[in-house]
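*Asks:* Numbering (our numbering), first residue to last: -15 to 505. Quick reminder that beta carbons are idealized off the backbone N, C-alpha and C, glycines included. Here it is, the structure in full.
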């Protein structure tokens, strides 16, 4: 159940934060989603909404960003953090709380969900300080600059990645950002945009990546093949040595990007990766597409690209350029709608739209920039809301009717030794299912469509309160029906389905689900 966030809680947080000089300011009306619509693979797997529907917080320091995350009612309570000014090591400290897991010297989005970070006002610059997502879901990063993040030398942040995602990250939209370094690995820099260890459903759009040895990778090694479903579109890659991007396994859709001065290699599809490469413009570059530095082949489907002063090296045992006349060697189906600008106009449209502080303009699909009509968003002020009397919100009551789980089937993710999927539908509170770790999923399923509008998650004795955050999914389609925190009665949109999944995304210790009850009303 998503717990209500009271005006009193946010007023108290704002007062405490301002008194501490953290630079966080709160606004009570609900925030809108980020300007413009999410695109690409981030629209799949239930979609990406970030902090839509939650509170808006203004932050001028990294500590304030952490304080906003830690001040939420739970790690999944939606929040939009509007950032203005320069965020650096000097103003980014660790903040503790039950809804966060932060660290000094890096913006940590760890074991959390439903967050938007958006630059506003005079701009937001993360100077020598990276943004790190780990065990995170439904995140939007928009209209910010991240520059000169180092993995060696001083100061270091986020392993040298400007934006990095790793360890079970899902549904991230990074849009209208500028990511830049001042050199390569020998100067202490690493990747600008990296994904590792089971990161999926990510879109990078209308962004600038420049002046770096490494643009970004998908998969940290030839054995890290769990990352997939990444879209790159309308981005500028400029003065990048390699990894634009490097793909190890998985599927990527790469369209309408402008590549200028890829010095050693560009799109490096390897270890079984599959890249759909449409209507990009490559200029003054070398080996812009192929499998490089390995004999583990990757694949590509190409159409409509322009190669302007591109040179190609000779094939070798670990060097397999796609050119000089790139041909498709696979076929890739894209599950979402998109519009392709002609490659000839890509340099112009990308120059007008890509990067932070460009007014969030996008292409209209016909090579012309347009500014989407934003949903009105409140402007946070320095005045904390006056707390008024609050009335406790009554919790849901025990559902009535028949528990549809009795007699149904069940399955799930890896289970702990000695537990069983069937224990959640046997009506016995002394038996239970546990995931193999602190997170996992359990499903109830039927042989024919069954209408469900409520579920009841009952934790076994001795583990009550261990479930912190969760999502309920339509097991037939993968759509997210609702999300929240804590076990108990959960209302979902009335849905006819054959499988309904309860996914634990955060917990203290190993949770124990004794009963997973389902009800029609």
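#1: Taking all protein chains shown into account, do 16 or more other C-beta atoms lie within 10 angstroms of the C-beta of residue 455, making it buried, or fewer, making it exposed?
#2: Let me check understanding here. Comparing Cα to Cα, which of 466, 290, 348 and 252 lies closest to residue 37?
#3: Is residue 439 helix, strand or coil by DSSP?
#4: Output the boundary residues of the alpha helix (DSSP H) element that contains residue 333.
#5: Within its chain, find whatever has a CB closer than 7 Å to the CB of residue 343; leave out the 5 residues flanking it on each side and keep chain order.
#6: Would you call the stretch 186 to 194 in contact with the stretch 324 to 341, where contact means no fewer than 3 C-beta pairs closer than 8 Å?
#7: Look at the alpha carbon of residue 62 and the alpha carbon of residue 40, and state the distance between them as a whole number of angstroms.
#8: Going along the chain, which unbroken runs of the beta strand (DSSP E) with 3 or more residues stay wholly within the stretch 232 to 280?
#9: When we look at the beta-carbon of residue 226 and count the other beta-carbons within 10 Å, is it buried (16 or more) or exposed?
#10: Have a look at residue 87 and residue 78 and give me their C-alpha separation to the nearest angstrom.
#11: Excluding the 5 residues flanking residue 407 on each side, which residues of the same chain have their C-beta closer than 6 Å to its C-beta?
#12: Taking only three categories from DSSP, how would you classify residue 74?
#13: With distances taken between CB atoms, is the gap from residue 429 to residue 483 smaller than 9 Å?
#14: Report buried or exposed for residue 401, applying the criterion of at least 16 other Cβ atoms within 10 angstroms of its Cβ.
#15: Is the stretch 303 to 312 in contact with the stretch 128 to 137, if contact means three or more CB pairs nearer than 8 Å?
#16: List the whole-angstrom C-beta distance separating residue 221 from residue 246, where the pair is believed to meet the contact cut-off of C-beta under 8 Å.
#17: On the three-state DSSP scale, how would you describe residue 53?
#18: With distance defined between alpha-carbon atoms, name the residue in 493, 83, 70 and 117 nearest to residue 421.
#19: Quick check for students: name the residue ranges of the beta strand (DSSP E) that lie wholly in the stretch 391 to 471, counting only runs of 3 or more.
#20: Which class does residue 376 belong to by DSSP, given the choice of helix, strand or coil?
#21: What number of angstroms, rounded off, separates the C-alpha of residue 315 from the C-alpha of residue 388?
#22: If you drop the 5 nearest sequence neighbours on each side, which residues of the same chain put their C-beta closer than 7 Å to that of residue 195?
#23: So if DSSP puts residue 296 in a beta bridge, which residue, or which two residues, is it bridged to?
#24: With DSSP as the reference, please indicate the residues paired to residue 486 in a beta bridge.
#25: What beta strand (DSSP E) runs, 3 residues minimum, are completely inside the stretch 105 to 188?
#26: Report, in whole angstroms, the separation of the C-beta atoms of residue 123 and residue 93, which I expect to be a contact under 8 Å.
#27: What do you get for residue 59, buried or exposed, if any count of 16 or more other CB atoms within 10 angstroms of its CB means buried?
#28: Could you say which of 327, 289 and 250 lies nearest to residue 296 if we only look at CA atoms?
#29: Measure how close the beta-carbons of residue 268 and residue 244 come, nearest whole angstrom, since I'm counting them as under 8 Å.
#30: Can you tell me where the beta strand (DSSP E) holding residue 215 begins and where it ends?
#31: Could you tell me the distance, in whole angstroms, from the CA atom of residue 451 to the CA atom of residue 490?
#32: Measuring straight from C-alpha to C-alpha, what distance separates residue 370 and residue 45?
#33: Would you check if there are 3 or more beta carbon pairs closer than 8 Å linking the stretch 288 to 295 to the stretch 228 to 236?
#34: Under the rule that 16 or more other beta-carbon atoms within 10 Å means buried, what is residue 259, buried or exposed?
#35: Which residues in the same chain have their Cβ closer than 6 Å to the Cβ of residue 162, if we skip the five residues on either side of it in sequence?
#36: With burial defined as no fewer than 16 other Cβ atoms inside 10 Å of the residue's Cβ, what is the status of residue 412: buried or exposed?
*Replies:* Taking the definition as stated:
#1: Taking the chain shown and counting its residues from 1, the one referred to as residue 455 is at position 471. Buried: at least 16 other Cβ atoms inside 10 Å.
#2: Position 53 of the chain shown, counting from 1, holds the residue named residue 37. Residue 466 is the option with its Cα nearest to residue 37.
#3: Position 455 of the chain shown, counting from 1, holds the residue named residue 439. Looking at residue 439 - three-state DSSP - the assignment turns out to be strand.
#4: As a working note, residue 333 is residue 349 in the chain shown. Counting along the chain, the alpha helix (DSSP H) containing residue 333 begins and ends at 330 to 337.
#5: Reading the chain shown from its first residue, position 359 is the one you call residue 343. Excluding residues within five positions, the ones whose Cβ falls inside 7 Å are 355.
#6: yes
#7: Counting from one through the chain shown, the residue named residue 62 turns up at place 78. Counting from one through the chain shown, the residue named residue 40 turns up at place 56. Straight-line Cα distance between these residues: approximately 9 Å.
#8: 235 to 239, 242 to 246, 251 to 254, 258 to 262, 265 to 270 and 273 to 276
#9: One-based indexing of the chain shown puts residue 226 at position 242. Under this definition residue 226 is a buried residue.
#10: Within the chain shown, residue 87 is the residue found at index 103, counting from 1. Within the chain shown, residue 78 is the residue found at index 94, counting from 1. C-alpha separation (whole angstroms): 4 Å.
#11: On the chain shown, residue 407 is found 423 positions in, with the first residue counted as 1. 415, 416 and 417.
#12: Numbered from its first residue, the chain shown carries residue 74 at position 90. Of the three classes helix, strand and coil, the one that applies to residue 74 here is helix, per DSSP.
#13: Residue 429 sits at position 445 when you count from the first residue of the chain shown. Residue 483 sits at position 499 when you count from the first residue of the chain shown. It is a contact, given that the beta carbons lie within the stated cut-off.
#14: Position 417 of the chain shown holds residue 401. Looking at its Cβ environment, which holds fewer than 16 other Cβ atoms inside 10 Å, residue 401 is exposed.
#15: no
#16: For the purposes of this step, residue 221 is identified with residue 237 of the chain shown, where counting begins at 1. For the purposes of this step, residue 246 is identified with residue 262 of the chain shown, where counting begins at 1. Correct: roughly 7 Å between the Cβ atoms.
#17: Within the chain shown, the letter at position 69 stands for residue 53. In this structure, residue 53 counts as helix in the three-state DSSP scheme.
#18: The count along the chain shown starts at 1 and reaches residue 421 at position 437. Nearest option by C-alpha distance: 493.
#19: 393 to 396, 424 to 443, 451 to 458 and 464 to 468
#20: Within the chain shown, numbered from 1, the residue matching residue 376 stands at position 392. Bear in mind that a pLDDT of 37 at residue 376, under 50, signals an unreliable position, so the number given afterwards is only what the model happens to contain. The answer is coil: DSSP assigns residue 376 none of H, G, I, E or B.
#21: In the chain shown, residue 315 corresponds to position 331, counting from 1. In the chain shown, residue 388 corresponds to position 404, counting from 1. Spanning the two alpha carbons is a distance of roughly 43 Å.
#22: Numbered from its first residue, the chain shown carries residue 195 at position 211. So the qualifying residues of the chain are 164, 165, 166 and 223.
#23: The residue you call residue 296 lines up with position 312 of the chain shown. DSSP output for residue 296 lists no bridge partner at all.
#24: Working through the chain shown from its first residue, we reach residue 486 at position 502. The partner list for residue 486 (beta bridge, DSSP) reads 426 and 456.
#25: 115 to 118, 121 to 126, 129 to 131, 147 to 150, 153 to 159, 162 to 167 and 177 to 180
#26: The sequence position of residue 123 within the chain shown is 139, counting from 1. The sequence position of residue 93 within the chain shown is 109, counting from 1. Right, the Cβ-Cβ distance comes to about 6 Å (below 8 Å), so this counts as a contact.
#27: Locating residue 59 in the chain shown gives position 75, where the first residue counts as 1. So residue 59 counts as buried.
#28: Position 312 of the chain shown, counting from 1, holds the residue named residue 296. Here the closest residue by C-alpha is 250.
#29: The count along the chain shown starts at 1 and reaches residue 268 at position 284. The count along the chain shown starts at 1 and reaches residue 244 at position 260. Confirmed, about 6 Å.
#30: By one-based count along the chain shown, residue 215 stands at place 231. 212 to 217 is the extent of the beta strand (DSSP E) around residue 215.
#31: Stepping through the chain shown from its first residue, residue 451 is reached at position 467. Stepping through the chain shown from its first residue, residue 490 is reached at position 506. Going by the C-alpha atoms only, they are around 7 Å apart.
#32: In the chain shown, counting from the first residue as 1, residue 370 sits at position 386. In the chain shown, counting from the first residue as 1, residue 45 sits at position 61. Only weak support exists for where residue 370 lies, its pLDDT of 33 falling under 50; the value from the coordinates is given anyway. Cα-Cα distance, rounded: 24 Å.
#33: no
#34: Start at 1 with the first residue of the chain shown, and residue 259 comes out as number 275. Burial call: buried.
#35: To locate residue 162, count along the chain shown from 1; it is residue 178. Contacts found: 129, 192, 339 and 340.
#36: Within the chain shown, numbered from 1, the residue matching residue 412 stands at position 428. Under this definition residue 412 is an exposed residue.
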